[in-house]
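Enquirer: Could you have a look at this structure, given as C-alpha cells, before my questions?
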Amino acid sequence: MKALLRLGVMMLTLCLTVWGLALAAEGEGKASRKTIVLVAGKPSHGPGDHEHNAGMLLLQKCLKNVAGVKPVVHLNGWPKDPTAFDNADAIVLFMDGGGGHLLLQGNRLEQFAQLMKKGVGLACIHYALTVPKDKGGPELLDWIGGYCEQGYSVWPFWTAEFKSLPKHPITRGVKPFTLRDEWYYNMRFRPGMKGVLSILKAVPPDNTRGTAAAKKHPGRAETVAWAVERPAGGRGFGFTGAHFHNNWGRDEFRKLVLNALLWTAHVEVPANGVQSSVSPEELRENLDPK
Ligand SMILES: [Zn+2]
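236 is the number that my numbering gives to position 256 of the sequence shown; each next residue is one higher, with no gaps.
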C-alpha cells in the first residue's frame, strides 16, 4: 500500500514538473517573440493598386509562420488604441503620404521620436515614404535614412532589373529579379548617403527622370530600397515599390520585404530568407471595395 502511495506521489510530482516546464517554455517563447506592428492606411487608389489593408494582411499571414515573431495588424488608418505601439519592436507603415500623411497628425511625430529613441525599427513602404520636406522629412532622414520629396524625387512606372544584390540579412535567399512597379527614385537621402545601405538598385529609363534633380543623373543606377542602422541601435528600411498588389505574389519581392521586417525588429533572418507562399486566391482576398 505504502509503495503504491509513494508511486502515486512520484507520478504526481512528475506530472507537475512537466506541466511547470511546459508553462515556462511557453512563457519564454512569448517573451522572446518580437512584435511587428503593421499599419495599413485607408483605401485610396483603384482596384489592385495601393491595397494597404490586403497588403498588410498578406504580410501578417506570412509572418505568422515565422518563429520568434508576433505580427499585429491595424487596418483602415491609424490605430485608435493609444497603446498600439507600446510593445512594438518594429513598425511598418503602408499608407497614403504627402501633407495628409497620418504620421504627421496630432503629436504622432513626437510619439514616434520617443519610440525611435528606444530603438524601435521602422519600415515605410511606397507612398508612406512621401512626406513634406519641412515636416516629416527631417524625421524620416533620421529614422530610415531617406524619403520621397515632391519636386525632387520621381515616381514613374518602370520595369526594374535588379541584376545583383548586396550581401545583407535582408537579401538572404533573394535571387536577382526583374519587376514592373511604380518604383520611386531619386529619393532624398542623408547627405552622402551617410549610414544608408542600398538594397535594391536598378537603372531606370532616362525618359522617366521627371524632375530637374533627377535629370542630372542620366544612366545612373537608382536606389529603390535601402536599410539604415541608427547610432542608438534602431533600424530603418525604405521600400519604394508595392504600388501593384499583385507584386506581393512574386517570391523575391515578398521575401525581400519579409526579411527586412525581421531585420528591423532585430530578429535573425533565416539563412535562406523567410519562406512563404501566396496563392492567386490569397492575392484576391481582403481587397478594397470597388
Ligand atoms: Zn503608387
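We put the beta carbon where it would ideally sit given N, CA and C, even for glycine.
Between the alpha carbons of Phe157 and Asn252, how many angstroms are there, rounded?
Expert: C-alpha of Phe157 to C-alpha of Asn252: approximately 16 Å in a straight line.
Enquirer: Compute the Euclidean distance between the alpha carbons of Trp228 and Leu37, then round it to the nearest angstrom.
Expert: 11 Å
Enquirer: Should His246 be listed as close to ligand 1, given that the test is whether its C-beta is under 6 Å from any heavy atom?
Expert: no
Enquirer: Under the rule that 16 or more other beta-carbon atoms within 10 Å means buried, what is Gly172, buried or exposed?
Expert: exposed
Enquirer: Taking the runs of the alpha helix (DSSP H) that are 4 residues or longer, which of them lie wholly in the region 219 to 265?
Expert: 231 to 244 and 260 to 263
Enquirer: Which residue from Asp114, Arg234, Gly199 and Leu241 puts its Cα closest to that of Ala207?
Expert: Nearest Cα to Ala207 within the set Asp114, Arg234, Gly199 and Leu241: Leu241.
Enquirer: What separation, rounded to the nearest whole angstrom, lies between the Cα atoms of Lys41 and Val53?
Expert: When rounded, the separation of the alpha-carbon atoms in Lys41 and Val53 is 10 Å.
Enquirer: I want to check one thing, is the minimum distance from the CB of Glu202 to the heavy atoms of ligand 1 below 6 Å?
Expert: no
Enquirer: Please name the residue, chosen from Gly126, Trp163, Leu120 and Lys147, that lies closest to Glu141 on a Cα-to-Cα basis.
Expert: Trp163
Enquirer: Within the continuous beta strand (DSSP E) that includes Phe157, where are the two ends?
Expert: Phe157 to Asp161
Enquirer: Who sits around ligand 1, taking every residue whose Cβ is closer than 5 Å to one of its heavy atoms?
Expert: Glu162 and His223
Enquirer: If distances are taken between C-alpha atoms only, which option among Lys235, Leu238 and Lys98 comes closest to Phe65?
Expert: Lys98
Enquirer: Measure the C-alpha to C-alpha separation of Pro260 and Val100 and round it to an integer number of angstroms.
Expert: 34 Å
Enquirer: Just tell me which of Lys181, Ser178, Gly199 and Ile179 has its CA closest to the CA of Asn187.
Expert: The shortest CA-to-CA distance from Asn187 to any of Lys181, Ser178, Gly199 and Ile179 is the one to Gly199.
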